[in-house]
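Peer 1:
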Amino acid sequence: MRVLIADPDDRRREQATTRLGRLPGVQLSAACADLSATFDIVEHRPPHVVLYAQSFTQQPEFETMETLCRHLSVRWMTFSIGTCRTPHNLINVDLAADEAAILSTLQAKMNQKAAAARGPQIGLFHSTFPSRSSNIVLIGSSTGGVDALLQVLGTFPADCPPTLVVQHTGASFSAGLARLLNARVEPKVIEAYEGAMLASGTIMIAPGADAHLVLNAQHGTRCRLEVSPRMNGHRPSVDALFKSAARVADRVTAVLLTGMGRDGAEGLLDLKTAGAQTIAQDKATSLVYGMPGAAADLGAVNQKLPLSAIGPAILKSSQQRGC
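For what it's worth, this note's numbering labels the leading residue of the sequence shown as 6, then goes sequentially.
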């Protein structure tokens with residue numbers, strides 16, 4: 006059984022490494038001090054089980070990490086060494102317990118049936134809109150957004166409209182999110198970069214946490230990375246992207262998916278007022294109804310839809326705007 010340890014505490018990580026090294030049938034895959042390194046190893050050399058420090062599960066980056074584990078059928082749980090209070094929603098293994106108890110817990114976790122990973126509906130709407138049309142898709146999401154993006158973007162054909170996404174992932178996880186999506190949907194998914202030209206068949210993810218992803222519509226439609234203060238507590242911010250697109254709103258379909266807070270609500274209202282088609286995920290299918298709910302309260306939403314209907318609605322809107 007290959008086990009990976011992920012813990013920012015050097016001393017506890019060393020103790021865990023020593024303890025696991027003494028267990029028969031257990032091979033230590035790696036010991037990582039941060040989630041970025043953990044993501045890279047899980048992505049390229051998947052272990053059977055990942056043991057996380059509980060603090061890692063509270064970070065915004067963990068949502069992308071957990072989604073990767075689910076899609077690769079890698080089991081995970083938290084660990085402690087000695088007395089530790091464990092949240093009710095987590096399964097924890099105490100590495101200070103006796104050998105038989107640790108092995109039993111690890112084996113039970115490894116044998117646990119993997120949660121089903123939702124597969125993309127690739128090619129379902131292939132070439133339903135003019136490939137040379139100038140329509141643009143903008144998507145904002147936060148808590149619960151990684152799974153939502155997989156489902157929505159999974160309906161997109163290879164020649165989908167140019168699409169920009171702001172997902173609140175945490176500082177170093179945008180590249181990992183882009184790779185995760187790129188491996189599971191038909192269009193090309195990359196991190197956005199300064200000056201990138203929007204193109205059919207390409208989905209660009211807002212990078213890092215040092216700048217906002219915005220549209221520069223003055224000299225053709227290109228991406229710009231704008232270094233400015235956080236908006237609604239976020240950088241990159243959905244509002245920053247949406248507000249930057251107001252001057253080309255007649256070509257825009259803008260979408261707010263599940264997420265905590267209200268980032269994107271005011272920007273969605275600006276776009277709707279300027280002539281964009283606006284869509285928000287409904288409460289029933291949102292993990293957190295904060296962002297789409299705030300937009301609905303402002304009157305910023307043309308269509309409030311369940312998650313399964315959003316991908317087809319985006320493509321239908323793009324088809325109409327491309328004609």
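Yeah, the Cβ is synthetic: ideal placement off N, Cα and C, and Gly gets one too.
Look at D14 and A42 and say whether their C-beta atoms are less than 9 Å apart.
Peer 2: Not closer than 9 Å, so no.
Peer 1: I need the DSSP call for R184, collapsed to helix, strand or coil.
Peer 2: Helix.
Peer 1: Please state if the CB of L158 and the CB of T168 are separated by a distance shorter than 9 Å.
Peer 2: A contact, by the Cβ cut-off of 9 Å.
Peer 1: Say whether the stretch 213-222 touches the stretch 181-192, bearing in mind that this needs 3 or more beta-carbon pairs closer than 8 Å, one atom from each stretch.
Peer 2: Because the criterion of three Cβ pairs below 8 Å is not met, the stretch 213-222 and the stretch 181-192 do not touch.
Peer 1: State the Cα-Cα distance for the pair L273 and L33, rounded to the nearest angstrom.
Peer 2: L273 and L33: Cα-Cα distance of roughly 48 Å.
Peer 1: Across the stretch 59-72 and the stretch 17-35, are there enough close Cβ pairs to call them in contact, namely three or more that are closer than 8 Å?
Peer 2: They do not touch, by the three-pair rule.
Peer 1: Is DSSP giving L28 helix, strand or coil here?
Peer 2: In the structure shown, L28 sits in coil (DSSP, three-state: anything other than H, G, I, E or B).
Peer 1: Taking the alpha helix (DSSP H) that H237 falls in, what are its first and last residues?
Peer 2: The residue you asked about is not His; residue 237 is Asn in the sequence shown. Where N237 is concerned, there is no enclosing alpha helix (DSSP H), given that its DSSP letter is neither H nor E.
Peer 1: Less than 9 Å between the C-beta atoms of L329 and C165, yes or no?
Peer 2: Outside the displayed range of the chain (6 to 328) lies residue 329, so it cannot be described from this structure.
Peer 1: Find the nearest neighbour of H49 within the set G298, E271, V170 and G181, judged by alpha-carbon distance.
Peer 2: Among G298, E271, V170 and G181, the Cα nearest to that of H49 belongs to G181.
Peer 1: Is the separation between the beta-carbon of Q172 and that of G316 shorter than 9 Å?
Peer 2: Taking 9 Å as the Cβ cut-off, Q172 and G316 do not qualify as a contacting pair.
Peer 1: Please say whether R227 and A201 have beta carbons closer to each other than 9 Å?
Peer 2: Yes, these two residues count as a Cβ contact at 9 Å.
Peer 1: Cα separation between I10 and E104?
Peer 2: Looking at the two C-alpha atoms, the distance is approximately 17 Å.
Peer 1: Which runs of the beta strand (DSSP E) fall wholly inside the stretch 146-218 and span at least 3 residues, in chain order?
Peer 2: The stretch 146-218 contains these whole beta strand (DSSP E) runs: 168-172, 193-196 and 207-210.
Peer 1: Less than 7 Å between C-beta atoms, sequence neighbours within five positions excluded: which residues of the same chain meet that for L28?
Peer 2: Taken in chain order, the residues that qualify are E104, I107 and L108.
Peer 1: Could you give the residue range of the beta strand (DSSP E) that holds S85?
Peer 2: R80 to S85 is the extent of the beta strand (DSSP E) around S85.
Peer 1: Between A39 and the rest of its own chain, which residues show a CB-CB distance below 7 Å, the 5 nearest in sequence each way excluded?
Peer 2: Note that residue 39 is Asp in the sequence shown here, rather than Ala. Within the same chain, D39 has close Cβ partners P13.
Peer 1: Should A289 go down as buried or exposed, given a rule of 16 or more other Cβ atoms within 10 Å for buried?
Peer 2: Exposed, by the Cβ-count rule.
Peer 1: Using alpha carbons as the reference points, say which of S313, D275, Y294 and V293 lies closest to N307.
Peer 2: Selected option, being the one with the closest Cα: D275.
Peer 1: Suppose contacts are defined by Cβ-Cβ distances below 9 Å. Is A318 in contact with I284 by that definition?
Peer 2: Cβ distance < 9 Å, so A318 and I284 count as in contact.
Peer 1: Between which residues of its own chain and L77 is the CB-CB distance below 6 Å, once the five residues before and five after are set aside?
Peer 2: Correct list, in chain order: P51.
Peer 1: What does the alpha-carbon distance come out to for the pair R235 and S242?
Peer 2: Rounded to whole angstroms, R235 to S242 spans 7 Å at the Cα level.
Peer 1: If you drop the 5 nearest sequence neighbours on each side, which residues of the same chain put their C-beta closer than 6 Å to that of I144?
Peer 2: Counting only Cβ-Cβ distances below 6 Å, and skipping sequence neighbours, we find V170 and V260.
Peer 1: Put N97 into one of helix, strand or coil per three-state DSSP.
Peer 2: Looking at N97 - three-state DSSP - the assignment turns out to be strand.
Peer 1: Which of the three DSSP states is assigned to T290 in this structure?
Peer 2: Three-state result, T290: coil.
Peer 1: Please give me, in chain order, every unbroken run of the alpha helix (DSSP H) with length at least 4 that falls completely inside the stretch 249-306.
Peer 2: For the stretch 249-306, whole alpha helix (DSSP H) runs of length 4 or above, ordered along the chain, are 270-279 and 295-303.
Peer 1: Given D99, which residues of its chain have a CB within under 6 Å of its CB, disregarding the five upstream and five downstream residues?
Peer 2: The answer, listed in chain order, is S85.
Peer 1: Judging by CA-CA distance, which residue of T174, G175, S177 and I195 is the nearest neighbour of A183?
Peer 2: Ranking the options by Cα distance to A183, first place goes to I195.
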